[in-house]
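Everything below concerns the one structure shown next.
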Amino acid sequence: MTAPSTFGLSSEARNLHWLLTNLVEEVPGIQSVAVVSSDGLLLLSSDQARNAEAREARQERRSGPRGSSADLATIVSGIGSLTVGAAKLMEFGGVKHTMVAMDEGSLFVMSISDGSLLGVHGSADCDMSVVAYHMALFVGRAGHVLTPELRSELRKSLEPASAGSTR
Numbered sequence: 145m146t147a148p149s150t151f152g153l154s155s156e157a158r159n160l161h162w163l164l165t166n167l168v169e170e171v172p173g174i175q176s177v178a179v180v181s182s183d184g185l186l187l188l189s190s191d192q193a194r195n196a197e198a199r200e201a202r203q204e205r206r207s208g209p210r211g212s213s214a215d216l217a218t219i220v221s222g223i224g225s226l227t228v229g230a231a232k233l234m235e236f237g238g239v240k241h242t243m244v245a246m247d248e249g250s251l252f253v254m255s256i257s258d259g260s261l262l263g264v265h266g267s268a269d270c271d272m273s274v275v276a277y278h279m280a281l282f283v284g285r286a287g288h289v290l291t292p293e294l295r296s297e298l299r300k301s302l303e304p305a306s307a308g309s310t311r
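All letters in the sequence shown, in the order written, are residues 145 to 311 by the working numbering.
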């Protein structure tokens with residue numbers, strides 16, 4: 145999947161792209177990021193340069209999903225669904241965030257709004273509290289603008305160019 149261009153997108157969509165890029169560039173240890181809709185579809189992901197960097201790092205040592213934003217989105221969606229189901233069974237209320245610490249990295253999942261999720265794949269040496277803090281800032285800034293209309297626009301922006309021309 146290629147990185148979507150922000151050309152032709154609404155100002156809200158461009159702002160979300162900017163927020164995501166800023167999150168990846170400003171927080172040490174973040175390898176990839178995905179925003180996933182409540183139905184598990186990828187809405188927004190970190191740029192290709194960051195994905196290529198993560199793939200190169202993985203060639204040197206194991207660290208995370210195969211470099212594809214879609215892989216991260218699938219994992220985030222699955223973990224989100226699992227934790228929501230667990231919270232319902234335990235009757236503890238909604239899930240705010242989930243963290244999975246592994247030997248060679250971390251995975252963070254945070255609720256945004258209406259079931260949408262922010263997923264971050266961090267390196268083994270990332271500061272988990274810093275990552276969680278910056279994720280909370282992203283969620284606070286993005287949550288109120290992630291409307292159904294914007295989610296639809298973001299989904300369409302990720303479709304291959306050929307798919308849009310056949311309609």
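Backbone N, C-alpha and C define an ideal beta-carbon position, used for all residues, glycine too.
At 3 residues or longer, what runs of the beta strand (DSSP E) sit wholly inside the segment 209 to 273? Complete beta strand (DSSP E) runs here, min 3: 241 to 246, 249 to 255 and 261 to 267.
Residues sharing a beta bridge with V180, DSSP: In DSSP, V180 forms a bridge with L186 and L261.
Nearest-angstrom Cα distance between V239 and M254? 8 Å
If we ignore side chains and look at the alpha-carbon of each, how far apart do I256 and V179 end up? Rounded to whole angstroms, the separation of the alpha carbons of V179 and I256 is 9 Å.
Between the Cα of V274 and those of A286, L153, F252 and L160, spot the shortest distance and give me the residue it belongs to. F252
Between P172 and M234, what straight-line distance do the alpha-carbon atoms span, to the nearest angstrom? 35 Å
Go through its chain and collect everything with a Cβ distance to V244's Cβ below 6 Å, but skip five positions before and after it. L251
For R295, count the other beta carbons within 10 Å of its own beta carbon; 16 or more makes it buried, fewer makes it exposed. Which is it? buried
Is it right to say S260 is buried, meaning 16 or more other beta carbons lie within 10 angstroms of its own, or is it exposed? Result: buried.
Is it the case that the Cβ atoms of L302 and L153 are separated by a distance below 8 Å? no
For E170, collect the residues of the same chain with a Cβ closer than 8 Å to its Cβ; drop the 5 residues on either side in sequence, then sort them by chain order. H278
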